[in-house]
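Structure representation (structure tokens):
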């Protein structure tokens, strides 16, 4: 249950009330809310007098629910606002991993020259083998910060586990919670304490319900700037790396109030399919797209097969604009 | 292995050669081909003199392979040609089941009035329960034939099992092999003996490789007019009925030479998601779309939740045209 | 709803009543039953006087439900009764395919010498490629009949599609409905009209609910002798051919009244894992086991990797007896 | 590649060699090994003189591979040794969560009285909703330590994320890495630095190959005491909570050298199926079993539906002994 308190209730009293009923307390749009588990179906008698409004839910999809907020939330990524009525589709491009100053500088310049605004690049790679390239770590984060300064780009990178989440929050403009880390409460609770935007990727074995509940950890903890990212689920089909779940995206658009970004690169796993899929994603009317591109994919230290080269990426971006336009959206 | 025989080889001799090496023999584009299993990697010595050209394959995806034919095959559905360089996206609309003369007449008139050309409607329903509506059977087929005559529409309906395949071939312009029937060799072998177009739906538990191999049964049996239809696979996600596999569609476009039609209605299972998904499908550049629509979905005898009403369907078709146009395709 | 009619109601009247309410009518254990869809939750007023007893169900799992019959049904396979309180685990052994008289005779003699009673062998193979060995067809069926006569064995073979179901019913003692054919209503309806036992394999993409509903087609059509066979489902894991669903078996034991046979060979796909899995299956307390064995797996025309050789099979059977005994069952 | 260095090479030199070729260096069974990625297929020339033996692998399953060690590793859990030739099946019992001193004391006493030696109980619960019971945290760990002292039991509890891994390593005898945390390198790297046994649960969306690679992180980091735990994977079947993958267990027995423990409780999700499944697991010949039991499951704060009550648990243990015995194993 979500309880909106009357505006006359002071914040300190709201917090006391929250403690009394073991609820979360958040401030959002200048209002105070208490959030209990969805098992609570009736407004506690003691709270009737202080309650302005309340919502009952069939399950723990509450703050993220379209039953709570009818319009999609706005989230600001650098200078770009997505969600709400903006009809903006923001492109997040860049290499899978930050590999060297030269490689990330080439990438950043390329993104900038295309008129795009958001650069991605992994520093702590959640590899499944200890014998693969594990990322540059803090050195990578510093290179990203340098790109931000040098090119005026917004940067996004991924937290692999809770042991370095503070670094990520410090250096990155948008905190990416990876598909393998999205149940990680050490990360989610830390993300709840910042106001930076948090992009949560759906785990490849994660139901839509669980996925949105990961967002609830951040929202209930006090950070309203959460973005959902579908990036493919694991199915019996192995001809492609994962299976991009666009039915799931339709479900998220219907049942949640959070902006939605799609990642066709990881879903497909092969560069040849990325452009067609990216156009399909954009035609759904979405808030953003995450596409991997590398100056020379053949020498990439991770995900070599799925990264576009810069010619392919540029050509893709050109083709996305009329598709976005055909459904009333703008590519940024 | 596919072996193209020299044009000097008479058909009767080609057939003898096929029998000698236990191969299939087909005529296609005025040429004669022998097709063996993909285990054969070297041209049999005895055939060297009669061979014009040959192709070796890593697996039994052969006649359907883009290694054999570089351009997508053209298939004619009524008056519409799809595939090849046509850039046509044909819309197949209509109710899940033919329920009554009134219902199917209303549907047919509606499709006709929208300027569309292909009407769908199930007569033998592959229900999973014996206690559900099973379809009108032969009476339904006769109603479809009546719609063809009355409105000049092309009709498509589904074969549930081999016991009535001859009826379907007789009455339907396009033979649909349903997701639950696509391994049915009784159906596939019968489809190989006609020249009518055959639309094969991917089973919801079927790999892409197996799916295309079902097409190989029809192609190797002598019918080149095969269309693939992706309609959602079964995954762990149950928030939607199935998971539309657009990564798989990218794979099919890369690895096969067959036209591809998509069915977002069955994948999604809920009307609310169908328009967004249909636009996504069209943006991939595909040969057709299969959308369920019913004059009054609330009283439909099957798939009530996923069928659009006529207002929704008309609005969807309008919105598809600019999307198709943005990727260089035409809605027909 | 299942309605048990009073014993005073003549069969001809029962049939009339069934037609009136569009229900199935069956005779079972000397009683007459009407079966409607599970949507019917209240006894029709007109039937109150003729009704002895009735059962309401939450879904279309009705005749197969443990809510209808508390004890597992008994089914006779040749001379062996399984189910009920028999605590018999019948072993069904033999090659994937009948390949030649010599091969199947060696197999039959081997099964007989081990003291087992049921021989399997495929004649119509549901291969996914037209270029693979498709089975001996009717010649294979005749060889199986010959084995029955020569060795006094019970034989079981599979219907691939409805086009040859009559042959299978004529020649086989137990009709196997394969995993790819279990939605085939042509087969299921034909099986309903015989009284021979029908072993239905679960499709690899089939939910438990759908699986049991396939059995409902046969049961509601008048044949009570149905056996369920779990043989592995398709999951994201490809290290093994399929994933044997023993949680599903626990579900079937709890929710249905049908005997359950398991097929670890097809699930595993590799001979090395079959013995361990077979022992696991037997320890669950099941009605039978289906194990593929071939005189020389290395030359088998289908499923070479998963068939045991005769030494391995004999050793496995020896090891199964103490396991069965430890849970109070007998290997037959 | 794994390289066994000659016994004459001092440890300090071994470490230098490791750094030179960017390999891991571990000591195991009084020998020194260097481990590189599996991409290295030929012994580096510089190392030929110092190499005693080496192994090349097709993929990054190396230290855990049965190609490296032919016999299963021995791991000591409290006073019980599992793996190797011990033929011990250790039972790990106890509640899902530590809820109170009274509850865990009742549980501990019960386990002790049954003659069992290992108590489980979660303190940091990896719940998918922020609104569910999250565990007692450090207070729970202290209660477990108290049970160890009071009853002489070995205790095992789960690390949810890297933020409290040091606490878990301090308090628990066996460190459990949960299904949702098994990609967590913060946890895995910390586990590599202790010598305490580490039980890694397979993620429900994790392939067998990835699962074993998680173990490689711990093994390559220097801790040889790793145990694999299969606990069910997520499939399309939702009649049960997960699908216990015993085909996967057969694969693990064939391809790895690590002890294997199974958890039928989480796989099934319903108490009714746990006993049958537990017997199936034991019949496979495994190293341990993890079963949830609660003094009163109806009031359990997590996983209420799947926990056995104490009567059921006691009865299950009795029934496991003859099954274990039938395959030559002992229940401890």
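Protein chains in written order, with the numbering used here: chain A, -18 to 313; chain B, -18 to 313; chain C, -18 to 313; chain D, -18 to 313.
Where a beta carbon is used, it is the ideal one built from N, C-alpha and C, also for glycine.
A quick note: this is a predicted structure, and the numbers were derived from the prediction, not measured.
- Segment contact: the region 204 to 219 of chain D against the region 193 to 211 of chain C, fewer than three CB-CB distances shorter than 8 Å; contact not assigned.
- The contact set of residue 215/B on chain D, defined by CB atoms closer than 8 Å, consists of 217 in chain order.
- For the pair residue 271/B and residue 45/B, the CB atoms are not nearer than the 8 Å cut-off.
- Residue 224/C reaches chain D at 214, 216, 224, 226, 228, 229, counting residues in chain order whose Cβ is nearer than 8 Å.
- Rounded to whole angstroms, the separation of the alpha carbons of residue 132/D and residue 224/B is 51 Å.
- The CB of residue 161/D comes closer than 7 Å to the CB of 164 in chain A, given here in chain order.
- Where residue 145/A is concerned, there is no enclosing beta strand (DSSP E), because DSSP gives it neither an H nor an E.
- In this chain, the beta strand (DSSP E) harbouring residue 57/C covers 55 to 58.
- The DSSP assignment places 69 to 75, 99 to 101, 135 to 140 as complete runs of the beta strand (DSSP E) inside the region 69 to 153 of chain B, in order along the chain (cut-off: 3 residues).
- Within the region 249 to 261 of chain B, the residues whose Cβ lies closer than 7 Å to any Cβ of chain A are, in chain order, 249, 253, 254, 257, 258, 260, 261.
- Secondary structure of residue 218/A (DSSP, three-state): coil.
- Residue 146/A sits close to residue 168/A, with the two beta carbons spaced by under 8 Å.
- Contact of residue 190/C with chain D is assigned, a C-beta pair being separated by under 8 Å.
- Taking the beta carbon of residue 221/C as reference, the chain D residues within 9 Å of it are 189, 226, 228, 229, 231, 232, listed in sequence order.
- Short of 6 Å from the beta carbon of residue 171/C, and not among the five residues preceding or following it, lie these beta carbons of its own chain, in chain order: 146.
- Residues of the region 287 to 308 of chain B with a Cβ closer than 8 Å to any Cβ of chain A, in chain order: 300, 303, 304, 306, 307, 308.
- In the structure shown, residue 200/C falls within a helical segment according to DSSP collapsed to helix, strand and coil.
- Legend: CB atoms of the region 138 to 163 of chain A lying less than 7 Å from CB atoms of chain D belong to residues 141, 142, 143, 144, 161.
- Any Cβ of chain B closer than 8 Å to the Cβ of residue 235/A would place that residue at the interface, and such an atom is present.
- Under the three-state reduction of DSSP output, residue 182/B falls in the strand class.
- The three-state reading of DSSP puts residue 226/D in strand, counting E and B together.
- At least one CB of chain C lies nearer than 8 Å to the CB of residue 266/D.
- Residue pairing for residue 36/C: DSSP places it in a beta bridge opposite -17/C.
- Short of 8 Å from the beta carbon of residue -4/B, and not among the five residues preceding or following it, lie these beta carbons of its own chain, in chain order: 6.
- Residue 283/D is classed as buried because its beta carbon has at least 16 other beta carbons within 10 Å across all chains shown.
- Using a C-beta cut-off of 8 Å, the region 174 to 188 of chain C makes contact with the region 181 to 196 of chain B, since at least three inter-stretch Cβ pairs fall below that distance.
- When CB distances to chain A are screened at a threshold of 8 Å, the residues of the region 195 to 209 of chain D falling below it are 195, 197, 198, 201, 202, in chain order.
- Proximity of the region 147 to 155 of chain A to the region 111 to 130 of chain A meets the contact definition, three or more beta-carbon pairs being nearer than 8 Å.
- Between residue 138/D and the set 198/D, 75/D, 258/D, the nearest pair of CA atoms involves 75/D.
- In this structure the region 217 to 235 of chain C lies against the region 246 to 254 of chain C, because at least three pairs of beta carbons, one per stretch, are closer than 8 Å.
- Rounded to whole angstroms, residue -14/A and residue 9/A show a C-alpha spacing of 11 Å.
- In the pairwise beta carbon analysis, the region 26 to 39 of chain B is classified as not touching the region 65 to 75 of chain B: fewer than three pairs are separated by under 8 Å.
- Contacts between residue 186/C and chain D, judged by CB atoms closer than 9 Å, involve 217 in chain order.
- Residue-level contact by beta carbon holds for residue 263/C and chain D, with a gap shorter than 8 Å.
- Across the set 307/B, 304/B, 305/B, 298/B, the C-alpha of 298/B shows the shortest separation from the C-alpha of residue 98/B.
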